[in-house]
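The opening position of the sequence shown corresponds to residue 1 in UniProt numbering, with each subsequent residue numbered one higher.
The block underneath contains the structure these notes are about, expressed in structure tokens.
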Amino acid sequence: MIAETSMAKPLKKLVSCVILDLDGTLLNTDGVVSEVLKGFLTKYGKQWDGREAQRIVGKTPLEAAAAVVEEYGLPCGKEEFLAELHPVFYAQLCNIKPLPGASRLLKHLSGHGVPMALASNSPRGSIESKISYHQGWKDYFSAIVGGDEVTAGKPSPEIFLEAAKRLNREPSSCLVIEDSMPGVTAGKAAGMEVVAVPSVPKQAHLYTSADEVINSLLDLQPEKWGLPPFQDWIEGTLPTEPWYISGPVIKGFGRGSKVLGIPTANLSPKGHSSLLSEHPSGVYFGWAGLSTRGVYKMVMSIGWNPYFNNAEKTIEPWLLHEFTEDFYGEELRLVIVGYLRPE
């Protein structure tokens, strides 16, 4: 899986500013959009399939509305659909959370005086409304460009060229950070360096036009682009706010004992989907407590198992201790305190 999420071409240029997309790059807008569409489509007797969300990633609101209307055969036009959905979505803006590493990155770049701009296919008013719920975010950006301020949205390069103009920078000195293929295409067409953070991790191999593809913003190394490096890693571990998972130990894929030679204490992802969506796939460090045995150091993988074609994320803790017998069914409590690397 490392090969999928750490693809990097030889870097050719150093940069002096950063232009970021918003939805799917800095904010987990996709989760709220899916919930809104799920409820909205029931009015038409339709059932939203979250997998179809990838069809609207990176599109303008009107393009996304057209895609949904066509996909579900709705008895309304795209303009009518968007007008009806708009107030429902706006009522949920306060529930959109930053993606892992977003606030850390913005604070870091701002603290080192690196100019930043936002460039999103969303309307300018929508962008400002979304970031208003996140303290200090508006002050981080020297320029904001919305899709309604240019004649053509992504994949046209116009929005990024306008952002560079407002930053008073040459396109060649700009680094774009994007989650969608239209955004990556737009950034490269603008003559900029592009780092992709795919919204759909299993499609990372499709982002070949990007200069680098990373698993999450936690994996960005600014120094590769001539920007100040992060200083918060400790002996290969990025400390995180503690988060917790618990449940009975279940049988997994057999990956631990058969492939790695280390027993795993797998947990079911059921009931943890919301929590897992707040953390990128990867390998983490923490502590594990078994109800009748004690507390042990552990490393844990969450994400798409590279050895098995699973359809949902897995939770695979490895307890760093030798056990003489299985403990299936026992209650396992985990506290995760650090991020190690992509899956």
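Ideal Cβ placement from N, Cα and C applies to all residues, glycine included.
In this text, all values refer to a predicted model and were calculated from it rather than measured experimentally.
Nearest in C-alpha terms to E330, of all of G282, L167 and I250, is I250. Taking C-beta separations shorter than 8 Å and ignoring five residues to either side along the sequence, the partners of L62 in its chain run K78, E79 and L82, following chain order. With distances taken between CA atoms, I177 lies nearest to L218 out of L218, F323 and K202.
Within the same chain, and ignoring the five residues on either side of V150 in sequence, the residues whose Cβ sits closer than 7 Å to its Cβ are E158, I159 and E162.
A residue is called buried once 16 or more other Cβ atoms fall within 10 Å of its Cβ, and F323, having fewer, is exposed.
The alpha-carbon of G125 is positioned some 46 Å away from that of A288. Here the stretch 198–214 makes no contact with the stretch 32–49; the two share fewer than three CB pairs at distances below 8 Å. The beta carbon of Y140 is closer than 7 Å to those of L106, S110 and M116 in its chain, skipping five residues each way along the sequence. When the alpha-carbon of S156 is set against those of H134, P182 and T314, the nearest one is in P182. Put simply, of C76, A102, L334 and S291 the residue whose alpha carbon is nearest the alpha carbon of D23 is A102. If the five residues before and after P280 are omitted, its C-beta is found closer than 7 Å to the C-beta atoms of P100, N215, S216 and L218, all from its own chain and listed in chain order. When the alpha-carbon of M192 is set against those of D30, V184 and P198, the nearest one is in V184. A check of alpha carbon separations from G153 across G187, Y296 and S142 identifies G187 as the nearest. Nearest C-alpha to G147 among Q135, S122 and I131: S122.
Per DSSP, reduced to three states, the secondary structure at Y133 is coil, with no helix or strand assignment. DSSP, read as helix, strand or coil, puts V195 in strand. With fewer than 16 other Cβ atoms inside 10 Å of its own Cβ, Y328 counts as exposed. Across the structure, S172 and L227 are spaced so that their CA atoms are roughly 15 Å apart.
For E158, the secondary structure class from DSSP, reduced to helix, strand or coil, is helix. Taking 9 Å as the cut-off, the beta carbon of I19 is found no closer than this to the beta carbon of L220. Check the Cα spacing between G294 and each of I56, L319 and S301: the tightest is with L319.
Per DSSP, R341 is one residue of the beta strand (DSSP E) stretching across E331 to R341. In this structure L118 is in contact with I144, their Cβ atoms being roughly 5 Å apart against a cut-off of 8 Å.
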